[in-house]
Structure formats: structure tokens, C-alpha cells
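J.: Just dropping this structure here.
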Amino acid sequence: MEILNLEDNDITECLDIYNYYIKNTVFTLEEEELDLQNFKKRCAVIRDDFPFIVIKDDDKVVGYAYLNYFNTRGAYKISADLSIYVSQNYTKRHIGKILLDEITKLARAKGTKNIISIITSENNASVAFHEKNGFIMEGFLKDVANKFNRSISIYYYRLAI
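This is the structure in C-alpha cells:
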């Protein structure tokens, strides 16, 4: 397996991974699949200011991670929002941990002091992953979203680095 910075030719595979989660889970609260053009724009904006990495197995993207603004107001510049997505065919292979370790190194190099994850209350695997990797639950917001006709709550997890 190889960790690389996101390149334009990786974006379609990342989109396929993400659209699976949009269509089939409440792990992301987007409701409509993204098209390639809009996802490319989103990736370009993120890459302008933050690290965006992929992990490949035999030249195929099997997961990705990126940081983004936790809040765009200037004083929040020491904190970044984390996203990690792993292909359904590669879960339980420690891909998330590999991505987290690398994105944490990149965050430190950028001067980030806090990595924040917003996790939906139904995503028990992500909660366990974050807790196992030193994140602390800092907040809970009840019933703040609705997807698939289900009320969704969210947790805020923070890793001080």
C-alpha cells in the first residue's frame, strides 16, 4: 500500500467511495450523490489550504483523508476538521489508522493544534476508532439532522496534537 497526495486522476475513485457512503449510510449527512465536476471543485478548494491524501493498493484508491476548515473565522486556524473514507471492500484492514497517522503528521507540520471529527450517532465504528486513537468526545448535539427519515445526532471528537 502506498500513501500519496491526491492527484487529479484519483478524484473519480475517491468520488466512488464517497458516493457509496452518501447513498447507503448516515455517516455523511449529504443526501444527494455528487457528480464528478462538483467533487473536483471541492477537492481543489480543500487542496489549496489543507492536506488531502489517498492510499492505494495496486494503483487503486482504497481510501482517502483530508483536513478542512473547522470554522473559517481566523482564530480557528489552529483547528481542522478531519474526514476519512475507506472503500467498503477495504474496511477492517487498518486503512483508517494508516491514513490518520499520516494526516496527523501533516497537520502538525502545518501548525494545527486540534483535529476535530464530527461523527453521526449511528456510526459506532467511527466512534470506537476515534476513541481508540486518542480522540476525546467534546460535545453532543441531539437530533440536529434528518436523513433516510431518521433523526440523527452528532458527536464532536477532538484530538489535541
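Numbered according to the numbering used here, the sequence shown spans residues 5 to 165. For each residue, glycine too, the CB sits at the ideal point set by N, CA and C.
Going by DSSP, what residues sit across from G143 in a beta bridge?
T.: G143 pairs with Y160.
J.: If you draw a straight line from the C-alpha of R154 to the C-alpha of K114, how long is it?
T.: R154 and K114: Cα-Cα distance of roughly 38 Å.
J.: Identify the continuous beta strand (DSSP E) that holds S91 and give its terminal residues.
T.: Taken as a continuous stretch (DSSP letters only), S91 belongs to no beta strand (DSSP E), as it is neither H nor E.
J.: Within the region 9-40, note down every full alpha helix (DSSP H) run reaching 4 residues or more, in order along the chain.
T.: With a minimum length of 4 residues, the continuous alpha helix (DSSP H) runs that stay inside the region 9-40 are 15-28.
J.: So who's on the other strand from S155, going by DSSP bridges?
T.: According to DSSP, which records beta bridges pairwise, S155 is partnered with N150.
J.: Could you check what DSSP says for D63 in three-state terms: helix, strand or coil?
T.: Three-state DSSP puts D63 in coil, outside helix and strand.
J.: Helix or strand or just coil, what does DSSP make of N137?
T.: If DSSP states are grouped into helix, strand and coil, N137 belongs with coil.
J.: From the DSSP output, in three-state form, read off N87 for me.
T.: The question names Asn, but residue 87 in the sequence shown is Ser. Of the three classes helix, strand and coil, the one that applies to S87 here is strand, per DSSP.
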